[in-house]
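Step one of this worksheet: look at the structure below.
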Amino acid sequence: MITLVFAHMLRILFKGIYKKPRELHWVPGATLLVLTLTLCYTGTLLPANNILDQGSSTVSTRGFGVVYALHIACIPLLMSAFMGFHFMMVRRTGISEPL
Amino acid sequence: MVDYSKGRSEEELEPFFPNEILRHTLLSFLLLSAIMLGVLFLPESYMNTVEESASSVNKIPWFLLPFYYISGLINHKALFLFIITLYAMAFISVPFLDRNSERSLWNKPVFLLIVLVNLLMILALGIIKYIQ
């Protein structure tokens, strides 16, 4: 999934499709990529994925609650909102050329 | 304002909200229900998947390697968060930072250089972390 999202982002970047009138396609799209990476990062911090010794981050008991809440609720909700915004903009201004 | 509805079929002009959103939500819930029913009534078939994923959890995903490397370099957690947030904000603001009227990246040498340097930097940091 990450590879495909990254490939999509590179195509948009190299072809300059983010230019007017599609600036607001890029903003939620890029935010979704950042949120996807953050979702994966918070996932690796949870005890089920015991890789804390490899990174510099450590999660305390209180921190666990915050990371867990971010991972299962806050980031997915934000992603849903940005996905809706991204699709709405694509519907409103259309894609630049046939896929 | 440009009218983007011209020349579009009726199906293409169907409202995004609530029609498309409703279909998307219903399909998502149907898929989730199917998985939940599967886990409830056929738990054996999901056992292998759980065991397979449990054996690979100790590895950092390849796309996070550069970030783990940077977090290892910067001991100050707040500074690390600040730098990453600034980098993400710059990435999200690309359309507003690039005011050149030229579309193709190949015709904008300075911007092309910035993009290539960033891509190579992310790649190099990931490889260094992987070798470590």
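From first to last, the protein sequence lines are chains A and B.
My numbering puts the first residue of the first sequence at -15, with every later residue one more than the last.
My numbering puts the first residue of the second sequence at 7, with every later residue one more than the last.
We put the CB at the ideal spot given by N, CA and C, even for glycine.
Look at the beta carbons and you see the stretch 106 to 120 of chain B not touching the stretch 22 to 30 of chain A: under three pairs across the two are nearer than 8 Å. The straight-line gap separating the alpha-carbon atoms of leucine -6 (chain A) and lysine 135 (chain B) is approximately 23 Å. Of the residues A:Thr77, A:Thr26 and A:His70, the one whose Cα lies closest to the Cα of cysteine 58 (chain A) is A:Thr26. Chain B has no Cβ within less than 9 Å of the Cβ of phenylalanine 48 (chain A). Against chain B, the CB of leucine -3 (chain A) has a partner CB under 9 Å away; the residue lies at that interface. Shown here, arginine -5 (chain A) sits in a helix according to DSSP, grouped into three states. Cβ atoms of phenylalanine 117 (chain B) and aspartate 104 (chain B) come within 8 Å of each other, at about 6 Å. Alanine 84 (chain B) has its alpha-carbon roughly 22 Å from the corresponding atom of leucine 62 (chain A). Within the same chain, and ignoring the five residues on either side of leucine 8 (chain A) in sequence, the residues whose Cβ sits closer than 7 Å to its Cβ are Met73. Judged by their CB atoms, tyrosine 75 (chain B) and leucine 122 (chain B) are not nearer to each other than the 9 Å cut-off.
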